[in-house]
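The structure appears right after this line, and notes come after that.
Number of protein chains: 4
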Amino acid sequence: MDAIEKKVRASFAKQGLMSTLDAEMTSVGTGTVEIRCSFDAKWTQQNGFVHAGVITSILDSACGYAALSMAPAESEVLSVEFKVNLLAPAVGEAFVARAVVKRAGKTLTICSADAYALNGGREKLIATMLATMMNVAEKAS
Amino acid sequence: MDAIEKKVRASFAKQGLMSTLDAEMTSVGTGTVEIRCSFDAKWTQQNGFVHAGVITSILDSACGYAALSMAPAESEVLSVEFKVNLLAPAVGEAFVARAVVKRAGKTLTICSADAYALNGGREKLIATMLATMMNVAEKAS
Amino acid sequence: MDAIEKKVRASFAKQGLMSTLDAEMTSVGTGTVEIRCSFDAKWTQQNGFVHAGVITSILDSACGYAALSMAPAESEVLSVEFKVNLLAPAVGEAFVARAVVKRAGKTLTICSADAYALNGGREKLIATMLATMMNVAEKAS
Amino acid sequence: MDAIEKKVRASFAKQGLMSTLDAEMTSVGTGTVEIRCSFDAKWTQQNGFVHAGVITSILDSACGYAALSMAPAESEVLSVEFKVNLLAPAVGEAFVARAVVKRAGKTLTICSADAYALNGGREKLIATMLATMMNVAEKAS
Chain E
6 MDAIEKKVRA SFAKQGLMST LDAEMTSVGT GTVEIRCSFD AKWTQQNGFV
56 HAGVITSILD SACGYAALSM APAESEVLSV EFKVNLLAPA VGEAFVARAV
106 VKRAGKTLTI CSADAYALNG GREKLIATML ATMMNVAEKA S
Chain R
6 MDAIEKKVRA SFAKQGLMST LDAEMTSVGT GTVEIRCSFD AKWTQQNGFV
56 HAGVITSILD SACGYAALSM APAESEVLSV EFKVNLLAPA VGEAFVARAV
106 VKRAGKTLTI CSADAYALNG GREKLIATML ATMMNVAEKA S
Chain W
6 MDAIEKKVRA SFAKQGLMST LDAEMTSVGT GTVEIRCSFD AKWTQQNGFV
56 HAGVITSILD SACGYAALSM APAESEVLSV EFKVNLLAPA VGEAFVARAV
106 VKRAGKTLTI CSADAYALNG GREKLIATML ATMMNVAEKA S
Chain F
6 MDAIEKKVRA SFAKQGLMST LDAEMTSVGT GTVEIRCSFD AKWTQQNGFV
56 HAGVITSILD SACGYAALSM APAESEVLSV EFKVNLLAPA VGEAFVARAV
106 VKRAGKTLTI CSADAYALNG GREKLIATML ATMMNVAEKA S
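In order, the protein sequence lines correspond to chains E, R, W and F.
Here our numbering is used: position 2 in the first sequence is 7, and no number is missing along the way.
Here our numbering is used: position 82 in the second sequence is 87, and no number is missing along the way.
Here our numbering is used: position 60 in the third sequence is 65, and no number is missing along the way.
Here our numbering is used: position 23 in the fourth sequence is 28, and no number is missing along the way.
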């Protein structure tokens, strides 16, 4: 595990929400991140599908960490904004978000990400995000 | 409580996520909804702020139910898409999302919503959403 | 006309597109700008409505100049991203975009804007924008 | 030229704006469309770059026609909403927008599109769009 992956995984481990969702970072590359979580009735909307806000959560974290993997050494990353299209009901055993950096800038990094529902080994595209992330100086701790 | 508020509150009560977040629907009007939840370390990102996905969750539910309050009688509402700008860190004792319908159509309803952090009785604007909701025929159950 | 309005209007006057559209900056305040243009068949889509891209143009310029009106003295403003909902066909004698700053930051400024069609003295809401603008150091010239 | 391409090109030919921009539909496939236009000082913003609203115009038309290429026979397509990230200044001899359908539904179709600046045979990514299009019954004429 190289220094960048280490930095990304250390930050991910500090996200209370990802731990509450039992989410796992299943892949980290330069400008790409994959995050996965399982279905639980705790995360549903009124029809029993997973709530758009939960799918957004793994998409947003995937975009943020994809951006962080290309950020300057002393930087961390905050979400400026994102747009999500919900393409199909979030029905499945598990859900995976895959983010990729479209453009890494000095201050802003633009990422896109797709979310898939997993059912019996098959993947179905359920949502897509286009997001703007911002590099900010890491706080001393 | 009139028929519309009853329908809105009944659907809200079925959202597993809102119950998991201990979220409360603090107001329902024609084309307006307010949802509130409290801070918990379970919902944080790496800096201890509440995760953008959680703020998005209450903004999205508020928009959806604002749309539902103006939807045809036999309809329910699904999120088509939303865009969220994060304006300030989600730091506070509690968070409130206030949604308002900008245009209610036969098929699509457009809503905007603002989220505020509450600290010692003061409100601070932390996020804003612009969302597209869709009326769909209610499933028999 | 104060220094800020002068700076905003001088930049607006340099936008070739606004001049091509015969657009007029009808109001400038601190954090608010209004831009107006007239109908012309040159700007239409396939049904004879004004094209979404033209309505977006006046919304984007209105947001950019609303942001500029609150930017540091030596800064200019560039558009990072925007999202537009088209709420009704752009049918009318003229169109007006009104932008307001939601949050002015050191680097990023978030604006919302509404566009209206004007017909016989009546206004109809036809589109809404939520945009992110960025302050950048003004180039010497 | 098959029936779908014919329908797409006939609608494109009716867009006053595309003709004003001297835009050309350089490719049409099932779920994909490419539109190109040339630089002209008429379309600029204050720095002499092409205005975001013009780039949005070719991105939006490309998304709309990509959606139309997969729409039911008697339908036309209207833009519901789009989000655009501006990734680099629109500086170049010409600009091309390439759209692809991400999900074609009965009512709504979701498209993504990228815009490139062309300079001496080289392409540079300058903007990206994520858009929602709606199928509507074609008006008799």
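Where is the CB? At the ideal position from N, CA and C, for every residue including glycine.
I need the straight-line Cα distance from E81 (chain E) to M6 (chain E), nearest angstrom please. If you number the first sequence from 1, residue 81 (chain E) lands on position 76. If you number the first sequence from 1, residue 6 (chain E) lands on position 1. Approximately 19 Å, taken between the alpha carbons.
**Within chain E, partners of T137 (chain F) - CB distance below 7 Å** = If you number the fourth sequence from 1, residue 137 (chain F) lands on position 132. Residues of chain E passing the Cβ test: N90.
* To do: Going by CA-CA distance only, name the one from F:A102, F:A18, F:S32 that's closest to Y121 (chain F).
  => One-based indexing of the fourth sequence puts residue 121 (chain F) at position 116. Checked all of F:A102, F:A18, F:S32; the closest Cα to Y121 (chain F) is F:A102.
Notebook entry, point to check: Distance, Cα to Cα, A136 (chain E) vs M30 (chain E)?
Noted result: Position 131 of the first sequence, counted from the start, is the residue given in the question as residue 136 (chain E). Position 25 of the first sequence, counted from the start, is the residue given in the question as residue 30 (chain E). C-alpha separation (whole angstroms): 19 Å.
message = Please classify E86 (chain W) as buried or exposed, where buried requires at least 16 other C-beta atoms within 10 Å of its C-beta.
response = Position 81 of the third sequence holds residue 86 (chain W). With at least 16 other beta carbons inside 10 angstroms of its own, E86 (chain W) counts as buried.
Checklist line | Per-residue DSSP class, three states only, for F17 (chain R) | finding: Your numbering for residue 17 (chain R) matches position 12 in the second sequence. Here DSSP, grouped into helix, strand and coil, assigns F17 (chain R) to helix.
Can you find a C-beta in chain W that's less than 8 Å from the C-beta of I60 (chain R)? Mapped onto the second sequence, residue 60 (chain R) falls at position 55. Not one chain W Cβ lies under 8 Å of I60 (chain R).
Would D27 (chain E) be called buried (16 or more neighbouring beta carbons within 10 Å of its own) or exposed? Along the first sequence, one-based indexing puts residue 27 (chain E) at 22. Around the beta carbon of D27 (chain E), a 10 Å sphere encloses fewer than 16 other beta carbons of the protein chains shown; the residue is thus reported as exposed.
Does the distance from the C-beta atom of G36 (chain W) to that of V106 (chain W) stay below 8 Å?
-> Sequence index remark: in the third sequence, residue 36 (chain W) carries index 31 (1-based). Sequence index remark: in the third sequence, residue 106 (chain W) carries index 101 (1-based). At a Cβ-Cβ threshold of 8 Å, G36 (chain W) and V106 (chain W) count as neighbours.
Per-residue burial, N124 (chain W) [other beta carbons within 10 Å of its own, 16 or more giving buried]:
Reading the third sequence from its first residue, position 119 is the one you call residue 124 (chain W). The residue in question, N124 (chain W), is exposed, as its Cβ has fewer than 16 Cβ neighbours within 10 Å.
* DSSP three-state assignment for M75 (chain W), whether helix, strand or coil -> Translated into the one-based positions of the third sequence, residue 75 (chain W) becomes position 70. Taken through DSSP and simplified to helix, strand or coil, M75 (chain W) comes out as coil.
request  = Answer with yes or no whether the minimum CB distance from A76 (chain R) to chain E is below 8 Å.
outcome  = Counting from 1 along the second sequence, the entry for residue 76 (chain R) is found at position 71. Cβ-Cβ to chain E under 8 Å: no for A76 (chain R).
Can you check whether the C-beta of L22 (chain R) is within less than 8 Å of a C-beta belonging to chain E?
On the second sequence, position 17 is the one that residue 22 (chain R) refers to. Interface annotation, L22 (chain R): in contact with chain E, CB-CB separation under 8 Å.
Item checked: Alpha-carbon spacing of Q4 (chain F) relative to I131 (chain E), whole angstroms -> Limits of chain F in this structure are 6 at one end and 146 at the other, which puts residue 4 (chain F) out of reach.
Query - Simplified DSSP assignment, three categories, for M30 (chain W) - result: As a working mapping, residue 30 (chain W) is identified with position 25 in the third sequence. In the three-state reduction of the DSSP assignment, M30 (chain W) falls in the strand class, which pools E and B.
ask   = With 8 Å set as the bound, which would you pick, yes or no: does the beta-carbon of E79 (chain F) sit closer than that to a beta-carbon of chain R?
value = Position 74 of the fourth sequence holds residue 79 (chain F). With respect to chain R, the C-beta atom of E79 (chain F) has no partner C-beta closer than 8 Å.
Inset, instruction - Check each candidate in E:V96, E:L92, E:L113, E:A99 and name the one with the smallest Cα separation from T112 (chain F). - result: Taking the first residue of the fourth sequence as 1, we reach residue 112 (chain F) at position 107. Answer by Cα proximity: E:L92.
Since D65 (chain F) and A57 (chain W) are thought to touch, with beta carbons under 8 Å apart, how far apart are those beta carbons, to the nearest angstrom?
Numbered from 1 along the fourth sequence, position 60 holds the residue referred to as residue 65 (chain F). Numbered from 1 along the third sequence, position 52 holds the residue referred to as residue 57 (chain W). Indeed, because the Cβ distance is near 5 Å, the residues count as touching under 8 Å.
Name the residue from F:A104, F:G110, F:G126 whose alpha carbon lies nearest to the alpha carbon of S117 (chain F).
Numbered from 1 along the fourth sequence, position 112 holds the residue referred to as residue 117 (chain F). The shortest Cα separation from S117 (chain F) among F:A104, F:G110, F:G126 belongs to F:A104.
Taking V85 (chain R) as the query, report the chain F residues whose CB atoms sit under 7 Å from its CB, ordered along the chain. Translated into the one-based positions of the second sequence, residue 85 (chain R) becomes position 80. What V85 (chain R) touches in chain F: L113, T137.
| said: Excluding the 5 residues flanking A67 (chain F) on each side, which residues of the same chain have their C-beta closer than 6 Å to its C-beta? | reply: For this step, residue 67 (chain F) is matched to residue 62 along the fourth sequence. Excluding positions up to five away in sequence, the list reads V38, I40, A102, A104, A118.
For S62 (chain W) and A71 (chain W), the rounded distance between their alpha carbons: Sequence index remark: in the third sequence, residue 71 (chain W) carries index 66 (1-based). Sequence index remark: in the third sequence, residue 62 (chain W) carries index 57 (1-based). In this structure, the alpha-carbon of A71 (chain W) lies about 14 Å from that of S62 (chain W).
- Message: Can you check whether the C-beta of T31 (chain R) is within less than 8 Å of a C-beta belonging to chain E?
- Response: Here residue 31 (chain R) refers to the residue found at position 26 when the second sequence is read from its first residue. No, because no Cβ of chain E sits closer than 8 Å to the Cβ of T31 (chain R).
ask   = Counting contacts by CB-CB distance shorter than 8 Å, is R108 (chain W) in contact with chain R?
value = Sequence index remark: in the third sequence, residue 108 (chain W) carries index 103 (1-based). With 8 Å as the cut-off, R108 (chain W) counts as an interface residue toward chain R.
For this session: Determine the closest residue to V55 (chain W) out of W:A8, W:R108, W:F100, with distance taken between C-alpha atoms.
Result: One-based indexing of the third sequence puts residue 55 (chain W) at position 50. The alpha carbon of V55 (chain W) has as its nearest neighbour, out of W:A8, W:R108, W:F100, the alpha carbon of W:F100.
Euclidean distance between Cα positions of C42 (chain E) and S16 (chain R) = Indexing the first sequence from 1 puts residue 42 (chain E) at position 37. Indexing the second sequence from 1 puts residue 16 (chain R) at position 11. Inter-residue distance for C42 (chain E) and S16 (chain R) is about 25 Å (C-alpha atoms, whole angstroms).
So L130 (chain R) contacts chain W; which residues on that side make the cut at Cβ distance below 9 Å? By 1-based counting over the second sequence, the position of residue 130 (chain R) is 125. Going along chain W in sequence order, the residues near L130 (chain R) (Cβ under 9 Å) are K107, R108.
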